[in-house]
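*Asks:* Protein chains in written order, with my numbering: chain B, 1 to 278; chain C, 1001 to 1257.
Just so you know, even glycine gets a beta-carbon here, dropped at the ideal spot from N, CA and C.
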Ligand SMILES: Nc1ncnc2c1ncn2[C@@H]1O[C@H](COP(=O)(O)OP(=O)(O)OP(=O)(O)O)[C@@H](O)[C@H]1O
Ligand SMILES: [Mg+2]
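1) Within its chain, find whatever has a CB closer than 6 Å to the CB of residue 1063 (chain C); leave out the 5 residues flanking it on each side and keep chain order.
2) So, helix, strand or coil for residue 267 (chain B), using DSSP?
3) Kindly examine ligand 1 and report whether one of its heavy atoms sits closer than 8 Å to the Cβ of residue 1165 (chain C).
4) Helix, strand or coil for residue 1026 (chain C)? Go by DSSP, reduced to three states.
5) How about residue 2 (chain B): is its C-beta nearer than 9 Å to some C-beta of chain C?
6) Could you check what DSSP says for residue 1222 (chain C) in three-state terms: helix, strand or coil?
7) Collect the residues with a C-beta less than 5 Å away from any heavy atom of ligand 1 and give them in sequence order along the chain.
8) Just the Cα atoms here: how many angstroms apart are residue 9 (chain B) and residue 259 (chain B)?
9) In three-state DSSP terms, what is residue 1069 (chain C)?
10) Compute the minimum distance between the beta carbon of residue 1199 (chain C) and the heavy atoms of ligand 2, and state whether it is under 8 Å.
11) Between residue 142 (chain B) and chain C, is any beta-carbon pair separated by less than 9 Å?
12) Look at residue 97 (chain B) and residue 78 (chain B) and say whether their C-beta atoms are less than 9 Å apart.
13) Just to confirm, is the Cβ distance from residue 262 (chain B) to residue 187 (chain B) under 9 Å?
14) Can you tell me whether residue 219 (chain B) is buried or exposed? The criterion is at least 16 other CB atoms within 10 Å of its CB, across all chains shown.
15) Could you please tell me which residues of the stretch 38-52 of chain B, in chain order, have their CB closer than 7 Å to any CB of chain C?
16) Fully enclosed by the stretch 1164-1194 of chain C, which alpha helix (DSSP H) runs are 4 residues long or longer?
17) Just the Cα atoms here: how many angstroms apart are residue 1080 (chain C) and residue 266 (chain B)?
18) Just the Cα atoms here: how many angstroms apart are residue 81 (chain B) and residue 1185 (chain C)?
19) Let me confirm a value: residue 102 (chain B) is counted as buried when at least 16 other C-beta atoms fall within 10 Å, else exposed. Which label applies?
20) Considering only the beta carbon of each residue, do residue 257 (chain B) and residue 128 (chain B) sit closer than 9 Å?
21) If we count the other Cβ atoms within 10 Å of its Cβ and call it buried at 16 or more, is residue 1043 (chain C) buried or exposed?
22) Got a sec, what are the start and stop residues for the beta strand (DSSP E) residue 1015 (chain C) sits in?
23) What does the alpha-carbon distance come out to for the pair residue 1026 (chain C) and residue 1241 (chain C)?
24) When you compare the CB of residue 1143 (chain C) with every CB in chain B, is at least one pair closer than 9 Å?
25) When the cut-off is 9 Å and only beta carbons count, does residue 998 (chain C) lie next to chain B?
26) Going by alpha carbons, who is nearest to residue 106 (chain B) out of B:206, B:59, B:183, B:132?
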């Protein structure tokens, strides 16, 4: 390793302390530059995908297939996540709030947490693991087996055929899933509260609706749309730029899921701030 | 004198620090068939992908019908490339589509036919490449490698393009099927007047389908001539290559450790 040899040589000299911080700067700078480059190419990629959405031809068949994969086949995973989350939320807040006699707030806590925060975030993370990975793997395989090149030789723009329908499906399908997650999450809380914690069914439901504002639900759905876009974008981007056979596709898949998950959590904070912090 | 259908001049392309094409010059006359030979990794596929616009070369000219396509607007480039067809080395069939959808893909994409017409046409094409109508509704993963190659061939010729590129059309086929595919390629040139470029490692097939031949070595075309001369070209590089001799001017890069 040339790098190691260089370091060993330096250690013998007296000005090591001067060089080391500069090395560190160089590494940071390089990292920063490549981060900027990635952000830039990601933005261009997203822009290219979006502009193809408004110019014909449109590939309804591909869109339908991706919608099926993204929305319909994700239903069980998202539903289970939502129900259990609602249940555990009710239980946790009940046992926690009873310390200062605020048990009556359980219904409100459940519905606000689910609609504003946990519904979109958990659905987003589950779909990122399920669908984002599948997209990266599918498009990545198409890349390394020349199928994307083949599309181009058959008068079909790969960005339009592969990427645009997926971006659209992401933006549409995740809010739909979150509507389901909201309902089932509240239901999970309701089940535990009435069957286990001894709440009156009618009062629980009244309390659920009492303080719920349209904005709570809407903000959750907007978040979901953004997360859906992020998932599809990362899946397509990583797949599209994968290199080097099966291994390259594997690492593209991992990157897609990791990047989408982190971006979801990051954007979650900023969207929340945008909606509620005044 | 007629203008060449395809004329490549000074084409250069490198990947990272690795120089693959270092000034390729090639001329292919209309309605003829050119065979390109060369060692594994010599850049034959890269050359063809450059002409198709799938890889952007660093320098050089690519003229189609006397027009430098690298200078054209993007829409015009796409128009020119819409008249080209390509059989990829490994088939590159779309996994998520059935065989007939694969074959009819270009027809549907160019608006030349409806889905049901494309399905009819796919059946005809399957017969031409020696496959029964039974495979029409299968997915590519359900076919053998040789069958995939023939479906890919059917897809490449479906729209009857002006210019056809075949990247190792007979590799992976049995000898008889190889001959059938060779016949088909010759028929295409004579029947529809297409210009074809075929990359092959199979010298018998090269002499059958090629009018002319060219050899790519170290990033350049080192020899062109009639395909019938392939086995006795008088060029030491070509002779060593076509006869598969270990001794000669071509350094065989095999590490024996
Ligand atoms: N997309 C790419 N990125 C990086 N390097 C590439 C790429 N495509 C091809 N190469 C390199 O270019 C060289 C030529 O590749 P090419 O596929 O053209 O070889 P070939 O002549 O078709 O060989 P074969 O007969 O084995 O198919 C190889 O060394 C390959 O590693
Ligand atoms: Mg090749």
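*Replies:* So, from the data block:
1) 1007
2) helix
3) no
4) strand
5) Low per-residue confidence applies at residue 2 (chain B): pLDDT is 46, beneath 50, and the placement is therefore not dependable enough to give any value.
6) strand
7) C:1015, C:1020, C:1040, C:1041, C:1042, C:1043, C:1044, C:1045, C:1046
8) Its pLDDT being 44, under 50, residue 9 (chain B) is placed unreliably by the model, and the measurement read from it follows with that caveat. Their Cα atoms are separated by approximately 38 Å.
9) helix
10) yes
11) yes
12) no
13) no
14) buried
15) none
16) 1175-1192
17) 45 Å
18) 57 Å
19) exposed
20) yes
21) buried
22) 1006-1015
23) 19 Å
24) no
25) The requested residue 998 (chain C) is not part of the displayed model; chain C covers only 1001 to 1257.
26) B:206
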